[in-house]
Every structure is written in structure tokens, then in C-alpha cells.
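There are 2 protein chains.
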Amino acid sequence: TSLPLSPSLSFFLSLTLSPPLSLGDCPSDKSRTNMTENGLLHPERVLTLDTMNPNIKRVEYAVRGPIVQRAMQLEKELQEGVKKPFTEVIKANIGDCHAMGQQPITFFRQVLALCSYPELLNDNKFPEDAKDRARRILQACGGGSIGAYSASQGIELVRQDVSRYIVRRDGGVPSNPDNIYLSTGASDAIATMLKLLVSGEGPTRTGVMISIPQYPLYSAALADLGAIQINYYLDESNNWSLAVGELRRALEAARKHCNPRALCVINPGNPTGQVQSRQCIEDVIRFAAEENLFLMADEVYQDNVYAEGCQFHSFKKVLFEMGPKYSEKVELASFHSTSKCYMGECGFRGGYMEVINLDPAVKAQLTKLVSVRLCPPVPGQALLDLVVNPPQPDEPSYSTFMNERTAVLAALAEKARMTEEILNKVPGIRCNPVQGAMYSFPQIQIPHKAIEEAKEKGQAPDMFYCMTLLDEMGICVVPGSGFGQRDGTYHFRMTILPPTDKLKIFLAKVKEFHQRFTERYS
Amino acid sequence: TSLPLSPSLSFFLSLTLSPPLSLGDCPSDKSRTNMTENGLLHPERVLTLDTMNPNIKRVEYAVRGPIVQRAMQLEKELQEGVKKPFTEVIKANIGDCHAMGQQPITFFRQVLALCSYPELLNDNKFPEDAKDRARRILQACGGGSIGAYSASQGIELVRQDVSRYIVRRDGGVPSNPDNIYLSTGASDAIATMLKLLVSGEGPTRTGVMISIPQYPLYSAALADLGAIQINYYLDESNNWSLAVGELRRALEAARKHCNPRALCVINPGNPTGQVQSRQCIEDVIRFAAEENLFLMADEVYQDNVYAEGCQFHSFKKVLFEMGPKYSEKVELASFHSTSKCYMGECGFRGGYMEVINLDPAVKAQLTKLVSVRLCPPVPGQALLDLVVNPPQPDEPSYSTFMNERTAVLAALAEKARMTEEILNKVPGIRCNPVQGAMYSFPQIQIPHKAIEEAKEKGQAPDMFYCMTLLDEMGICVVPGSGFGQRDGTYHFRMTILPPTDKLKIFLAKVKEFHQRFTERYS
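Just so you know, the sequences run in chain order Y and A.
Start counting the first sequence at 87; every next residue gets the next number (the numbering used here).
Start counting the second sequence at 87; every next residue gets the next number (the numbering used here).
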């Protein structure tokens, strides 16, 4: 059976064989009768839906899912002059700051230009501190070029600067550059850490606790790895806070069918916009210590805290303040990125992870594993170096840098407040305060008749809602089902990134649509 | 048993329990008695060698393995003033062009600087063609910034430019931008394609054919995925050429224990430096068609062809020239990168893959899968755009670009010739011509006594040889065992990248060492 069947024979078989009759190891009839673009038969494709990696089929990533593909199609149609009830698609589906008009930080881009084309070091239009930073980075690169591979763990100088940043951020808690791994955005490091953790089969298969709602990188990575996803629910009625009782419930239920080994926390929250209290973080750490769970802290929004009385506390800092009983026991990986905060440099794919109490033998395995991909992108490493080592008060670029940084964060704070205020005025929409991060995850009431219609179409009700919102208003948000939500509740995630003027229009359109949609299906 | 044992109890248990006595689901004693840095006991670490992902433990990547760590240690000791029998470590372990002194292509870096800091578009020091390219790339980016995420498959404009490049390269064979996926270097795309292909368990588990010697990304990715590696041997006595008879032997043997589904070919060869003939490529394609194998063509060295009478033929081009019987059937993925050829921009992690005859349903799954990581680094995408769309004869940067490009390739050709010539003068070293790529993979005679000493040390004989070469001469090459070789033969891989002067010293040192080593152990 290793020789391909002739097209005509294959076609004959596919017509005449009834399903129970098997052809041994051959792929299914469906794949064996695939048509080519010219209408010819593919007698036997190697790679089909039936024969591909089954784990990958279970991967989902709503942030760039069908709703975004529809949005791009609508944009194309608008460009081609097709009439729509709107003149522009406003996308709030993804935390893509620059795409929404946010300007890059001047200092960062000056240094990147200098690193890219070191001729410019002779140009007196560039400030001296930018040149100093560029020289320092280039000296740490092989052959003085950002085109050389770096060490697989990342450029040593950058890892040292990251460590110093963490020490400053955490009020003196020590950090070791050997525990820093630079990465291709935070997603890369998170997926790598999860990969290390996965083992066992059946009831001993690794389970990983993730919040619901979650950022779907987690569910996607777990599906890819064939690991068990353990859901713990955030408390929407209590501003999406995390309660240890719920962690315990979820863990105990999971222990019956898998081996729970890790607990993932996102703070500030994506998609919730919640900022965890110091007390909550302490409780989570104590829980992880008691239950012997590896802690993964996704802290990529650490500068994005807006609400009065809220403050970012890193898991690392709280862990060390809890004393050696915890700081010498709990295994922690925390993640940061160049893509969020005030810089929003998503395209550079920069990031790092810090590991605490990682078994030295496992650390050697991690270093080996990352070496297979050679190194994270060096321009992203250079950018990360600037994020953790920005202009200082005595340097010429300081005031411009601070003005730019402050302006971005102030605008985000204003938009966070505005989003909450306007959405909460819409009957049938309820929205927790956006304390941090870049998202609101409002709950929406969907009328029974709309739920019925969605079911008829084979769509989740919130997908139906969001698709209708997109088609009628040109507003692109992501259905709550892509992040997870309690059964019978419906949400969407929107970013607060559109420029203030546009965000106002955006929110007005959501309001108008929700009222219209509710009336239509009542 | 979910509560941690107290340190003292754990210590007691580890002393008194004999191995057959089990503690149920607890990790092994070894992991339970790990010491902290302060000498305290870790009662129960979550993640240990015993409990981590077993596939990852099997991953190996010699190019950055123990020999390189030793080289870095030696460099540090030299810096600290420790006396060595050499004053400098010359590294030829990795194809890292810029680290070895190769200069970046001016035009590429000008455009990257302009994209990084678009203020420079007003600077009249930059040539107009560089500015045009930068404007064109920025217009294709969200918000006009390389800091925005791109589409997950890559910027559409860049994919179009890649397609046009392929059409030109392949003498008019059509290419569809929808079949182009930009990637984070070629490694990323290769690992992703392998991931899609892996399914089944036991005798139905996916097997993938790779050459021996191979580039260890392949063996590493297959180990990570738990897929079966099927070795086919290149013919060293015939200049490392690929023979279909050997493919058939390997395939038939493998069919007894797994499901062979893919065939990987590296051309020009890494580590062999061989350039495949058109006839060989045709034979391989016919074999893949007959045996229903998915073809993966690693063509990252496509510009690196030096030998008289050798020419690069892409698998895509040969496939289409073989007519619709093949071009409409054979599933092919071919890979390219910004890291090699004349540009050698490894740090940017740019690359692409073109897929041919991929099942549309699988293609949708591939697009979904890459969306989870959001997008390849945008600076690397911009760089790739320049590689596939370089200055044209009527543009101001053309002559500088061509001079730089030609100089790099001419120097490599000269070094390829020199490497072969000098190594073949050493008794006990035999080296095939370096027709292309950036490597020589000479066979070395290791005396019996040295093999015995290596065995006593628990080292592979060629690792022992290379470690001694490094310690005595400061020369860093990678043992053949990291790439695979026929049992009883020994090799090392060296790059031809050191500057000509240094390469001469390098080769003289290898010669001196080999003679001394042979005498010592005779």
C-alpha cells in the first residue's frame, strides 16, 4: 500500500467503499480524493486534516480568529468602494498600540537606528546619551553588529541590565542575571516554560491552572502540548479578583484526573483589566507553596496601572518579602515584554523571563532547549535593554523621554476611565473598572431570541453578537468565549487603545448597537 | 501527600528509604532532597530532571553545546590574564557571519535605520532608493510603525515581494503570496512544519527522514516532538552526494516500526558543503512522489555556491519542470533565511517558507497555529524584504550593493578553496570540496589509543579530539557526532567564516595539532 493509487482507481474506491470497510493504514477517503486547483485528483495527500497533528487542531486563538479575518475582509471591501453602513473599521481586538496611532518613544528609536546603521554615530543630530547606549549595546554584540547571533539566553549585558531593573523595581530584592532568559516576546518564554513542565500520561498527565477569563495563549499552548487545562474562575462580581477558595476547588477537582503542577496568573489582568492586591498575591504564593505548584506570573502590563489606590506588586517581590520559608521554596517564572506598557513595541518581539528556585539541572535543560532556536531577535534585545535602562535625570534625553512616557500612560488612564463610564451607562452592559492593562471585558445581556438565532447558525451567542456588531457598525471586538467565561454569561474584550476621539465614537457605536440589538431580539 | 514534607523528615526519608520502597506519586528521592543555594533542603521541587518533559531531555544541539561553553570559559580566562598556549580563541563552530567580522550590507542597514527612526527620511545623507524602500515598508506596517504587529503570516507586501523573488529565481515558475509564510529565521518555520506532520503512536508514529550528517535543528525538533528520526546516509566517498538507493533502504527499514511521512533535504548542504545536481533533485522528487512523502527543502544557502560547474537548483523549480504529474501532487515546503548567503544577518531572525500543494484545510490550521505567536519580528521581515528586493541597476545604491555582495561571496569562495586545499595536505585528514554553504566536514583519523582514552573519559572520540584541540590550540570546531556520521568514522564541522588571515592561522593550527595528536597516541 505504499505506492500511490492512480487517480482513477482512487476516485473509484472513494465512490464505492462504504465507511466501515477499511483500507488498513491508508488515509481516509476524504483526504485521498482532495482536488487540486486544476480539478485533478490528489491520489493521496500526505498531510490532511485527518493525518495532521491532532493537538494543533484543538489550538484556538480568538484574538486573531474569524472575527479579525472578517474585519480585514470588510476593510478590503471599503477600499474597493463597496458601500457599508460605516466608513471605517475600528479595531479593538488586539493590544497593538502603534497600529492604533501610539507614537514610538523617540529615544528608543534613535538608539535602534544607531545600532542598525552605526555610521550615524558620527551624526551630531543624535543626542550623546542615545549614542552612548548604542555603542554599549554594539560592544556587547558579536563583531559589534546586531546582525550577529547573541548567546541563546540573550546578550549578557542586557541580562545584567534586566537584573538591575528588577532590583530597582522590587526595592532591592536581589536578582541574578543567570536567572534571566531573553525571549521572542513573552509568548515565547511562556510556551517554553510550559513545555518543560509537561509530562506523564492519563491520570499523571501535567495539569496547568489558568484563570477564566484568560489570555488565549495559555489555552493554545496547553492544547499544542497536549497538557490538561485546569480552569479557575475569577470573581466578576468582585472586580474580577482571584479567590484562593476557587483555586482550591479547581485544584481538588482536577486532581481526580490529572497531575496539577503549575499555576498561571496574569497581573495586571488580560482580559479583565484587574490589578491584584498585595494580599491576593501573598495568598496565591502561600497556596502554590502548600500545594506544590510551579508559579507562572505574566506581568507584561506592569506599567499599565491607572486606578486610584492600585499599585503593581511583582510576584517576585512579594515572594521575597514573605521570608525564606517561601522565597527559598516556591518555583517562580515571571514574564515581561517590550510589547505593552508605555512603549507598545509589539513588532520587535522582545521580552524576558526570570526564573526563581529553578532546579539547576532543569535550568541546564532550559538553556539547551533555547539554544536550538539560536537566539531571540537581537533588535528586540536591544530595545529591551533600553526599556530596562531608560534615560536618567542627568542625561539629555531624559525630559523628552519622561514627557512621552507620561503622556502615553495618562492618555491610557483617561481612556480606561472613559470606557468604564460610558459602557456602564448602557442598559444591558456591565463593566468592571479598568484598573490596569489595556482591556475592558464587559458583560453583555444577550436576549433569548438572539441566543436561539446564534444556535441555529452554529455560533456561540457572543460570537453572533460580535459578528453583527462588526457587520453593522464596523466595530471589531473579540467574543468572551475566546477567553472563557462562566456558562450562561456573555462578554466581549475590547482594547482601550483607539485614540480618544475614536474611542468616543467607538463607545457611542457600541451603545447604539447594543440598544438596537436588544430591541430587535426582544 | 500534597503537603510538603518538612525538610528534616524529607532528609530522613532520603537517607533511610531504599529504592524499591515507593512513596506513591511523590517525585523521586533525588529531587526531593535538592539543596537550595543556602544549603537548605527543597522538600519537594515541582520541576526536576525526573519530572520534566522527557522529550526535552533527549534534545541535543551540538552547535552550541559543551564545546562552545568551554570556548567561552577559555575566553573569559584569557581576559582575566590566565596564561594559555594561545592568545585568542578562534571560533568556527557556528555560521555567525558578522561575529566573524563580515560587514553588513550598507543599503540594508540604511533602510533599517530609516524604518526604525523615520525622522531620518528628512536627512539628505540617505540615498533616495533607501528612503523609497523604507517608506514602502512603513506604509505596509500598522500605524506606519515597525513596532506594530504584522499579520501572523507576515506583512502582505513582503510576502508579495518574496513571491516575485521566487518567480525571478526560478525562471518564471509561478509563486502565490498566499503560500508564503514569514518566520523567525528558518528554524522556526522548519519546526512548525514538522509539528504539523507529527501524529500517531507506536508503529503509526510519524517518522521523518533526515540526512546523516545533518544540521542538528532537525534531530532536536524531532526529539522535542517525540517523532521518529529516520537516518539516510550521504555518500562521503562521492562528495557527500545523496543516492536514492540509500533513501529507499532507510525508508524500508523504517516502515517496520513507524509511519514515514516526510523527507528533509538540505541543499547546499550543512554540514557537508555539497551542492546537489539537478539530476539528484529530480530523483529525490520522484522518490517522494512514489513513496508519498512530504518534502522539506532547506535552501538557506542558496546564494552560497562556489565550485566550478555547480549551480543552485531550487526544489520548487525542478518540481515544476517535471510537469503536472509531480508539480500538482508533491507536497513541498521550502525554507529560506536572512541569516546566511551574502548578508549573514543572523541576529534579525528573518526567514520565510513557501508551501506547495498543501491541503487548504491544513493551511488554515497552519495560519491559525502561527497566529498564536502573533507575528515574526517585524525588523526581520523588513530585512527580508530588502533581500528579496535589492537595489536595481537604475537605482543609486546599486553599484555599492553589488560590490559589497560580490566581495563577500568572492571571499567565501576563496576561503572554501583554501580550506579544502590545506586540510587535504594533512595526513589523516580528508576533506571533500566545499562546493557551497559555509562549512567543511573533514574526516579525521583518530588513533586507537586516543579512542580508548576518550572511552575512559566517557566522551565520544571526536568530542575528545575537539576538546583537546580547543584546550591546546584555542580552536573551536564541533565534533561530527553532533551532526551524525557512519559508525567508526570521525569528523568535525568548521565554518569557513574567519577572515582569510585568521583562517590561514586556524588551518595551520589544525594541521599542527593533528600531527601532534596523532604522534601522541600512536
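Think of the CB as a built atom: it goes at the ideal place given N, C-alpha and C, for glycine as much as any other residue.
Item: Nearest to A468(Y) by CA position, among I223(Y), A277(Y), V520(Y), is which residue?; Value: I223(Y)
Item: Is the beta carbon of C396(A) less than 8 Å from the beta carbon of Q521(A)?; Value: yes
Item: Is A313(Y) closer than 8 Å to V145(Y) when the C-beta atoms are compared?; Value: no
Item: Any C-beta of chain Y sitting closer than 8 Å to the C-beta of L455(A)?; Value: yes
Item: Please go through the stretch 520-560 of chain Y and give each complete alpha helix (DSSP H) segment of 4 or more residues, from N-terminal end onward.; Value: 534-542, 547-559
Item: Can you find at least 3 beta carbon pairs, one from the stretch 356-371 of chain A and one from the stretch 379-392 of chain A, that sit closer than 8 Å?; Value: yes
Item: In angstroms, rounded to a whole number, what distance separates the CA positions of G233(Y) and T192(A)?; Value: 12 Å
Item: Hey, could you find the ends of the beta strand (DSSP E) S423(Y) is sitting in?; Value: 418-423
Item: Note down, in chain order, each residue of its chain lying with its Cβ closer than 7 Å to the Cβ of S269(Y), except the 5 sequence neighbours on either side.; Value: A275, G437, Y438, M439, P462
Item: Report back the beta-carbon spacing between C464(Y) and G433(A) to the nearest angstrom; my notes put them in contact at under 8 Å.; Value: Before going further, note that residue 464(Y) is Val rather than Cys in the sequence given. With 8 Å as the limit, V464(Y) and G433(A) qualify as a contact, their Cβ atoms being about 3 Å apart.
Item: Can you find at least 3 beta carbon pairs, one from the stretch 570-587 of chain A and one from the stretch 539-551 of chain A, that sit closer than 8 Å?; Value: yes
Item: Looking at the structure shown, is I276(A) part of a helix, part of a strand, or coil, going by DSSP?; Value: helix
Item: Can you tell me whether P346(A) is buried or exposed, with buried defined as 16 or more other CB within 10 angstroms of its CB?; Value: buried
Item: Shorter than 8 Å from the beta carbon of Y428(A) to some beta carbon of chain Y?; Value: no
Item: Which complete beta strand (DSSP E) runs does the stretch 326-374 of chain A hold, if anything under 3 residues is left out?; Value: 345-352
Item: For P482(A) versus D215(A), is the C-beta distance shorter than 8 Å?; Value: yes
Item: Can you tell me which of the three DSSP states S608(Y) falls into?; Value: coil
Item: Please report how far the alpha carbon of F527(A) lies from the alpha carbon of D264(A), in whole angstroms.; Value: 38 Å
Item: Tell me whether C432(Y) sits in a helix, a strand or coil according to DSSP, three-state version.; Value: helix
Item: Indicate whether at least one CB of chain Y lies closer than 8 Å to the CB of Y438(A).; Value: no
Item: Do we get a CB-CB distance below 8 Å when we pair T581(Y) with the residues of chain A?; Value: no
Item: Residue ranges of each alpha helix (DSSP H) run of no fewer than 4 residues wholly in the stretch 144-225 of chain A, ordered along the chain?; Value: 152-165, 192-202, 214-225
Item: Nearest-angstrom Cα distance between T137(Y) and D182(Y)?; Value: 35 Å
Item: Do the stretch 477-496 of chain Y and the stretch 491-499 of chain A touch if we need at least three Cβ pairs shorter than 8 Å?; Value: no
Item: Closest to Y251(A) by C-alpha separation, out of R606(A), F487(A), A523(A), K402(A), would be which residue?; Value: K402(A)
Item: Where does R291(A) fall in DSSP's three states?; Value: coil
Item: With a 10 Å radius around its C-beta and 16 neighbouring C-beta atoms as the bar for buried, classify N518(Y) as buried or exposed.; Value: buried
Item: So N139(A) contacts chain Y; which residues on that side make the cut at Cβ distance below 8 Å?; Value: K281, L282, L283, V284, S285
Item: Is it buried or exposed, G570(A), if we count other Cβ atoms within 10 angstroms and call 16 or more buried?; Value: buried
Item: For S425(A) and R435(A), what's the separation of their Cα atoms in angstroms?; Value: 7 Å
Item: Within the 8 Å Cβ cut-off, does Q300(Y) reach chain A?; Value: no
Item: For F592(A), would you say it is in contact with chain Y, using Cβ-to-Cβ distances shorter than 8 Å as the test?; Value: no
Item: Go ahead and label R66(Y) buried or exposed: buried means 16 or more other beta carbons lie within 10 angstroms of its beta carbon, across all protein chains shown.; Value: Beyond the ends of chain Y as shown, which are 87 and 608, falls residue 66(Y); an answer cannot be given.
Item: At the level of alpha carbons, what is the spacing between R606(Y) and I591(Y)?; Value: 22 Å
Item: Tell me which residue opens and which closes the alpha helix (DSSP H) that R491(Y) is part of.; Value: 484-510
Item: Alpha carbon to alpha carbon, how far is R602(Y) from K535(Y)?; Value: 14 Å
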